[in-house]
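Mapping of the sequence shown onto UniProt numbering: position 150 corresponds to residue 150, and the numbering continues sequentially without gaps.
Backbone N, C-alpha and C fix where the C-beta goes; we use that ideal spot for every residue, glycine too.
Treat the numbers as computed from the prediction; the structure is a model and nothing was measured.
Heads up: the structure comes next, in structure tokens.
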Amino acid sequence: MQNLASNLRNWNNLKEGDSILAYSRGEFLYLGKILCKTPKPNQLLAREVWGTNEKGETWEYIFFIKDLTKINIDRRKFNSFFDYGENNNPFGFGLVKKEKLERKLKGFKSIDDLIYYLNNDYVISDEELEDNSYQTAIEEKGFTNIEVDITPDPQPIKKPTTIRGQKVWKRDPVVAKRVLKKADFKCEINSDHITFISNFTNAPYMEAHHLIPMKYQNEFPNSIDVDGNVVCLCPNCHRKIHHGTNDDKKELIQKLYSKRFQMLQDWGLDTSLENILSYYNIVE
Ligand SMILES: [Zn+2]
Ligand SMILES: [Zn+2]
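Take a look at the structure:
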């Protein structure tokens, strides 16, 4: 943090175990807890780590964060819950006033509880919840009229729909159909993986999975429901990428990421392996 009176005041007030939210471009993206801070403002360390701005200032109010959790809370949602103005921009280092927080905490067990409430209430596209209907929609009407050779091109983000009061990012079955057909109905982890013949389509039964999970659509400037981000998996690998041990998941994700790296770029999706792993709660 930079050398401002309000920053110093806020930094002095920080205590181990306090909750902290990280904000970027319209969304709160992480919830964490204060692990510790430097014993006093430390310009030397700050310059080593972050350098200085054009005025020669650095960010000497240093603290460390633990227990990072990925969240997705829209700024407007946060502003209206905490009675800030609609256009309030959480710029820099801010504090929710103690009295306000105590008032808002009524009815919640803890701050975490409150944050999860705000989080769940907003956009969630839970693949686990909606997956059955999606995989069925992919099989429907077969694959005969599906053209597989399309040129990669970044697509605009689709508007979320509301299902049972939750906002859900739409997934287009035609994208998945193209991916499955292009993969020749073979598992992209290993083409020898055994599946069965679908009664519906007479083709080997395969499932579509979004490598960058749909619920992280907010973090990308282009649609992630595109050929470059969808992979064809046998049912076993598909369950494994959702329910396997972290080591197993990591192996699958690494493999798919290296296969898809160029395609993701071509579809306007620039992201690192570390980022994708964090979406699956795998932190190095
Ligand atoms: Zn999946
Ligand atoms: Zn497989």
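Distance between beta carbons of residue j and residue i, contact taken as under 8 Å
i    : j    : result
I71  : F28  : 6 Å
V148 : K106 : So it is not a contact: roughly 56 Å between Cβ atoms.
L118 : K158 : In fact, because the Cβ distance is near 23 Å, the residues do not count as touching under 8 Å.
L277 : I241 : That pair is no contact at about 12 Å.
I197 : K249 : I197 to K249, Cβ: 28 Å. No contact.
C232 : V179 : 5 Å
K55  : F82  : Contact flag wrong, Cβ pair sits at about 32 Å.
C-alpha gap between residue i and residue j, whole angstroms
i    : j    : result
K170 : D227 : 14 Å
E140 : T245 : 32 Å
K33  : L68  : 7 Å
G17  : L35  : 6 Å
Q43  : T52  : 10 Å
L269 : D192 : 29 Å
I194 : Y205 : 10 Å
Y280 : E102 : 33 Å
L4   : V49  : 19 Å
N236 : Y216 : 24 Å
F200 : R239 : 21 Å
N7   : L95  : 10 Å
Y122 : D74  : Low confidence applies to Y122: its pLDDT is 46, below 50, so where it sits in the model is not reliable enough to give any reading.
E99  : F93  : 18 Å
F91  : E251 : 38 Å
R25  : N89  : 9 Å
C187 : S133 : 21 Å
F185 : G142 : 12 Å
N12  : D113 : 26 Å
D131 : W59  : 45 Å
F220 : P213 : 11 Å
G85  : K37  : 31 Å
S80  : K97  : 15 Å
R258 : Q135 : It is worth fixing the name first, because residue 258 is Ser in this sequence and not Arg. Cα to Cα, S258 sits roughly 25 Å from Q135.
L264 : R9   : 44 Å
N190 : A183 : 11 Å
Reduced DSSP category for residue i - H, G, I as helix; E, B as strand; rest coil
i           : result
L264        : helix
residue 322 : Look at the range of the chain in this structure, 1 to 284, and you will see that residue 322 is not part of it.
Y122        : Confidence at Y122 is low in this model, with a pLDDT of 46, below 50, so the placement of that residue is unreliable and no value is reported for it.
L35         : strand
E212        : Going by the sequence as given, residue 212 is Ile instead of Glu. Correct three-state label for I212: coil.
Y117        : helix
S258        : helix
K55         : coil
E60         : coil
C237        : helix
L44         : helix
Y280        : coil
E207        : strand
A5          : helix
L101        : helix
F81         : helix
L14         : coil
Sub-7 Å separation of residue i and residue j beta-carbons
i           : j    : result
W267        : P156 : no
D225        : D172 : yes
F63         : L21  : no
V174        : A208 : no
S19         : I111 : yes
N222        : P154 : yes
L273        : L211 : no
residue 289 : L45  : The question about residue 289 has no answer, for the chain in this structure spans 1 to 284.
P39         : Y61  : no
K177        : I146 : yes
Requested in this report: Enumerate, from N- to C-terminal direction, the unbroken beta strand (DSSP E) stretches of 3 or more residues contained entirely within the region 125-195.
Outcome: Runs found: 161-163 and 166-168.
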